[in-house]
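Chains F and L, in that order, give the protein sequences.
One point on numbering: in this note's numbering, the residue at position 86 of the first sequence is 81, and numbering is uninterrupted.
One point on numbering: in this note's numbering, the residue at position 164 of the second sequence is 173, and numbering is uninterrupted.
Note that the Cβ used here is the ideal one computed from N, Cα and C, for glycine as well.
Please read these numbers as outputs of a predicted model, since none were measured by experiment.
Shown next, in structure tokens, is the structure this report addresses.
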Amino acid sequence: MNNTILTTKTETELAVDRQSSTVRKVSRREFFAITGATGAGLLLTANTTANTTDKPTNAATEIDAAHLNVFVSIAPSGEVKIVCHRMEMGQGILTSTPQIIADELGADWSKVTAVLGEANSAYGRQGTGGSASIRLHFDHTRRMGAVARTMLEQAAAQKWAVELTDVKAENHTVRNMITGEALGFGELAEAAAILPVPDKTNVSLKKTDDFSIIGKDVALQGVKDIVTAKAIYAHDIQLPGMLIASIERPPVVGGRVKSYDASEAKKVAGVVDVIRLKDRSYPVQVQPKSGVAVLATNTWAAQEGRKKLKVEWDLGANQTHNSDEYKKELKRKVSSPAKKIRSVGQVDSHKFNQRNTLEAVYTMPYHHHMSMETPSATALVKNGEADIWSGTQSPQWGKSLALQELGLDPEKDQAKVRFNTTLMGGAFGRKSKNDYTLEAVELSKATGKPVKVVWTREDDVKHGFYHSIAANYMKAELNDKNSCDYWVQRVAAPPIAWIFNNDSTYLENSDLSLGFADVPFAVQNMSFENQEVSTHVRTGWVRAVGNLNNQFALGSFVDELADKAGISTIEMWMNLLGEDRQFNPREQGFEGYTHYGQTVDKDNTDYVLEIARFKRVLNRVAEEANISQELPAGEGWGISVGYSFNSYVAAATKVRVTGSQVTPLEMHTAIDCGLVITPDRVRSQMEGAMIMGLSMTLESEITVKDGAIVQNNFYDYPSSRMNQVPPMFVHIIDSDYAPGGVGEPGLPPILPSITNAVFHAIGKRVRDLPVSQSL
Amino acid sequence: MIKMSLNGKQVELDVDSSMPLLYAIRDIAQLTGTKFGCGLGLCGACTVHLDGQAVRSCVTTAAAAEGKSITTVEGLSNDEQLHPVQKAWIANKVPQCGYCQSGQMMSAAALIASNTAPTDSEIDTAMQGNICRCGTYPRIKKAIKEAAKEARADSLTSASAYSEQESQVSS
């Protein structure tokens, strides 16, 4: 019991903490007693009894640990637990966030265990997306470590009756600089925990040069649990008496159940109940899609029962949507002038010289996240309260939606919903939406039993929130310096904002800031335009979002311009980028530029686009890949570069093309993401981006026929396999800029690097993805 | 009732004979290390060993395991001594999200059990049925070579935890 909570907390937040639930693994003996099952099982139980300790973690309760703040607890043994409040989906944040805290704390990494945080507003923002965990939260996270370190130092100073400036925390001990004495963190924890918590804005932070854990390839948190199958994902939650739900959803967005017959489904052994989910209205938001749920004692029975359901649908207006026609419509739309987003100089009155002008339209299909773990969540709604377990990128948002779903007060009833988090088996943006979590809440409320909703792969593919299909138009006139003076770009794509507002037809400024109207070229006359469109499927954030189609178009077009000018692609980039300078789109005709959520002012220019940083990654990748080497016929290198989420990434890909077969031979990525926290996880994200980029560019797409998604599973939405992946290399630029994003920026430049390589191999330009549909 | 040896223990599972082994393992035996990925044998997330052979448990019926020996990732090692594949996975920082890795490791362990010096193309052939959406393939390949090397060294001394484990599983 202690009062060592952060001073920033509200009463509501305190209430949440006091009522916080814990998840623990039950012993095998208990497990057998509860279930009577054989075999070593894993069972999680919700401990929902109110506790008075400030312990918002879902770790096994450690009674002796002293809580210095909501992030840091220290046991008398010196073992430190650090909460990772950002959600883990494979990006490695379970290591990186605690690494930042541990460094400021002065901890020994080998004595640190990371704990995934539940939904709790005391942590600050938990929504994990936008490659933001470090780039937007670095300072806050450091301060959480510094607050705890200051408390340990204060405890030690008091003990020795010296000034705070006479002690120093380092390597898991606090040293008395006068006498040389030292006390371990474990020895100080209890005394530190009863001290008032210092104001986080007043604690001292380490100098960059003094970092000893940040920037180092430390042991990864949680990796042993993963390889020994102890790690818990949403699919793995087991509760006594739990039902598994498999849901037949309307195939078309906005569709509803007209009628259904569950009589055969109910005859399947193991099926317990069939429940029609309630209809939802527009806007679709992140709500469940409704439908009919079959609940059974095991997954197989639920799925078999579902096969026996007879459902008649009222499909609604979106059944007329066909992506082939829609793509043609987008291409038509971008071919005529549209709403101006950014304007520099004067393009409209310019008469383009056809001989020197290049005009092109690029298209990208809908795409799906296809994370290995399909969506899943478990809920136990009882007596007007709920315990929820979900693999989600948005635990706080999910919690507020669950409160709403249950008719509870979003503020006063916070403590009635315990929202526990699990690891995610991949997410890539899909699991920012809690539709599946709400399905579990709705079904548990309806049955009064714990319900786990498990999506099949087909459910996942057909009921996603897709990357928006897009057409990008590019037009530029070459001048005699092998650069351009006149430049036009247009984009047409269904806006993600539509899911929240039916009337939304244009992209938002935040979308247009994703590699579209922020093109930092030294071109005197430019126009950036957005055409309005109608939306018929749920679109959402897929890794790098609009940067995917925007960088594909730009990276391809620069390559085309270089070819037309008869110079190398890298020269064309250098010519268009122009002089080294800072480029702030807000001062260059795009007032609505959103800077990926960063605050930029005259005192903070780390997040302004730096032309030199573009050039640095481009030069590095060209050099490392040796792209100017002579290649056999049918082989070619392609390059591209892009800026997203405050990081700069250049990619080089070598391919061999035989007939319509594209074989990747070698891939390189150079990234400047500013200060690096965990170098190995930067490398792993770049490797993953190259691999995802391969299948995304070469062979996969989501198409829509009569309003329904055509694809089903890995056989028709292929993902790269080991035998399709060439040797790949990652080059990290040493940089002392503020940290940028890592999870997403690696992906967009891969796409044009591949299609440009195809062009340089066989002279065939691919403007419509995927390549398999164009070659 | 389906009788089988599961990670070296005789078990009887009360399941419909047509239930995929995956759900018999996950929902009935409550061993959740084996993962669902596609339900069609396309992604390998559900890979287990059936009498030492890597099989996709989502397309293998529970009935097909009757009287057989099944090893899941939980049976790959004990807490004291990790399997060479698990050690190599940690050393090479293979996992990202980690979800597919139990299937990857089971395929890799089956490969190494029959070939302690796999070439790149043999690794590709053995592993191309296991999809990793995070993109850990380069590290998996490297880790397999390291694990194979250890298995090779162990087989020379013939006193490895790995072979002990294997014999325990198949006994």
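For residue i: DSSP bridge partner residues
{"i": "Trp384/F", "result": "Thr373/F and Asn415/F"}
{"i": "Ala487/F", "result": "Ala466/F"}
{"i": "Arg651/F", "result": "Glu630/F and Thr658/F"}
{"i": "Ala772/F", "result": "Coverage of chain F is limited to positions -4 through 770, which leaves residue 772/F absent and any answer about it impossible."}
{"i": "Asp596/F", "result": "Asn599/F"}
{"i": "Leu22/L", "result": "Ile11/L"}
{"i": "Pro29/L", "result": "Thr70/L"}
{"i": "Thr80/L", "result": "His58/L"}
{"i": "Ala492/F", "result": "Looking at the DSSP assignment, Ala492/F forms no beta bridge with any residue, so it has no partner."}
{"i": "Leu473/F", "result": "Cys479/F"}
Any C-beta of chain L under 9 Å from that of residue i
{"i": "Gly87/F", "result": "yes"}
{"i": "Ser767/F", "result": "no"}
{"i": "Asn504/F", "result": "no"}
{"i": "Ser623/F", "result": "no"}
{"i": "Lys264/F", "result": "According to the sequence provided, residue 264/F is Ala. The question's Lys does not apply to it. Yes, Ala264/F lies at the interface with chain L (some Cβ there is under 9 Å from its Cβ)."}
{"i": "Glu400/F", "result": "no"}
{"i": "Arg459/F", "result": "According to the sequence provided, residue 459/F is Gly. The question's Arg does not apply to it. Taking Cβ atoms only, chain L never reaches closer than 9 Å to Gly459/F, which makes this a no."}
{"i": "Gly424/F", "result": "no"}
{"i": "Pro744/F", "result": "no"}
{"i": "Pro332/F", "result": "no"}
{"i": "Met717/F", "result": "yes"}
{"i": "Arg452/F", "result": "yes"}
{"i": "Met687/F", "result": "yes"}
{"i": "Ile239/F", "result": "yes"}
{"i": "Pro235/F", "result": "no"}
{"i": "Ala487/F", "result": "no"}
Closer than 8 Å: residue i CB and nearest the ligand ATP heavy atom
{"i": "Gly736/F", "result": "Here there are no bound small molecules, and the ligand ATP is not part of this structure."}
is_contact[residue i, chain F] using C-beta, thresh 9 Å
{"i": "Gly48/L", "result": "yes"}
{"i": "Thr145/L", "result": "yes"}
{"i": "Ser14/L", "result": "no"}
{"i": "Met28/L", "result": "yes"}
{"i": "Gly8/L", "result": "Given that chain L is displayed from residue 10 to residue 180, the structure contains no residue 8/L and the question cannot be resolved."}
{"i": "Glu75/L", "result": "no"}
{"i": "Arg161/L", "result": "no"}
{"i": "Thr41/L", "result": "yes"}
{"i": "Glu83/L", "result": "yes"}
{"i": "Ile11/L", "result": "no"}
{"i": "Thr125/L", "result": "no"}
{"i": "Ser86/L", "result": "yes"}
Beta-carbon neighbours of residue i, restricted to chain C and to distances below 9 Å
{"i": "Ile149/L", "result": "Although the question refers to chain C, the structure presented lacks it and instead comprises the protein chains F and L."}
- Item | Three-pair Cβ contact test at 8 Å for the segment 454 to 474 of chain F versus the segment 526 to 546 of chain F | yes
- Query: Using Cβ-Cβ distances below 8 Å, what residues of the segment 50 to 70 of chain L are close to chain F?
  - Reply: Leu51, Cys52 and Ala54
- Message: Can you pull out the residues from the segment 207 to 233 of chain F whose beta carbon lies closer than 7 Å to at least one beta carbon of chain L?
- Response: Leu215, Val218, Lys219, Ile221, Val222, Thr223, Ala224, Ala226, Tyr228, His230, Asp231 and Gln233
- What runs of the beta strand (DSSP E), each 3 residues or longer, lie entirely inside the segment 287 to 360 of chain F? 305 to 309, 334 to 339 and 352 to 359
- Task: Give, in chain order, every residue of the segment 699 to 710 of chain F whose Cβ lies closer than 7 Å to some Cβ of chain L.
- Result: Asn708, Phe709 and Tyr710
- Using 8 Å as the Cβ pair cut-off and three pairs as the minimum, do the segment 96 to 115 of chain F and the segment 59 to 67 of chain F touch? yes
- When the Cβ atoms of the segment 198 to 214 of chain F are set against those of the segment 181 to 189 of chain F, are three or more pairs found closer than 8 Å? no
- Output, in sequence order along the chain, the residues in the segment 280 to 313 of chain F whose CB is closer than 7 Å to any CB in chain L. Asn293, Thr294 and Trp295
- Message: Can you pull out the residues from the segment 346 to 379 of chain F whose beta carbon lies closer than 8 Å to at least one beta carbon of chain L?
- Response: Met365, Ser366, Met367, Glu368 and Thr369
- Touch test, the segment 354 to 368 of chain F against the segment 389 to 404 of chain F, Cβ-Cβ under 8 Å, three pairs minimum: no
- If you pair each beta-carbon of the segment 548 to 567 of chain F with each one of the segment 367 to 380 of chain F, do three or more pairs fall below 8 Å? no
- Could you tell me whether the segment 24 to 39 of chain L touches the segment 69 to 78 of chain L, using the rule of 3 or more Cβ pairs below 8 Å? yes
- Query: Taking one C-beta from the segment 103 to 113 of chain L and one from the segment 411 to 426 of chain F each time, how about it: are there three or more such pairs within less than 8 Å?
  - Reply: yes
- Message: Just to confirm the assignment: which complete beta strand (DSSP E) runs, minimum length 3, are found wholly within the segment 242 to 290 of chain F?
- Response: 251 to 256 and 266 to 272
- Would you list, in sequence order, the uninterrupted beta strand (DSSP E) runs of no fewer than 3 residues that lie entirely inside the segment 105 to 152 of chain F? 107 to 111
- Task: Closer than 7 Å, Cβ to Cβ, to anything on chain L: give me those residues from the segment 655 to 678 of chain F, in chain order.
- Result: Asp675
- Task: Assess, as a yes-or-no matter, whether the segment 258 to 275 of chain F is touched by the segment 296 to 307 of chain F under the definition of 3 or more beta carbon pairs within less than 8 Å.
- Result: yes
- Message: Please list, in chain order, the residues of the segment 637 to 654 of chain F that have any C-beta partner in chain L closer than 8 Å.
- Response: none
- Message: At a CB distance below 7 Å, what residues from the segment 92 to 120 of chain L approach chain F? Give them in sequence order.
- Response: Gln95, Trp98, Ile99, Lys102, Pro104, Gln105, Cys106, Gly107, Tyr108, Cys109, Gln110, Ser111 and Met114
- Query: Just checking, does the segment 108 to 122 of chain F make contact with the segment 158 to 173 of chain F on the three C-beta pairs under 8 Å criterion?
  - Reply: no
- Task: Please go through the segment 87 to 115 of chain L and give each complete alpha helix (DSSP H) segment of 4 or more residues, from N-terminal end onward.
- Result: 93 to 100
- Task: Just list the beta strand (DSSP E) runs in the segment 151 to 220 of chain F, keeping only unbroken ones of 3 residues or longer that don't cross its boundaries, in chain order.
- Result: 162 to 165, 168 to 171 and 177 to 179
- Message: Does the segment 641 to 648 of chain F come into contact with the segment 661 to 672 of chain F, if we say contact requires no fewer than three beta-carbon pairs (one atom in each stretch) closer than 8 Å?
- Response: yes
- Message: Does the contact criterion of 3 or more C-beta pairs under 8 Å hold for the segment 725 to 738 of chain F versus the segment 690 to 707 of chain F?
- Response: no
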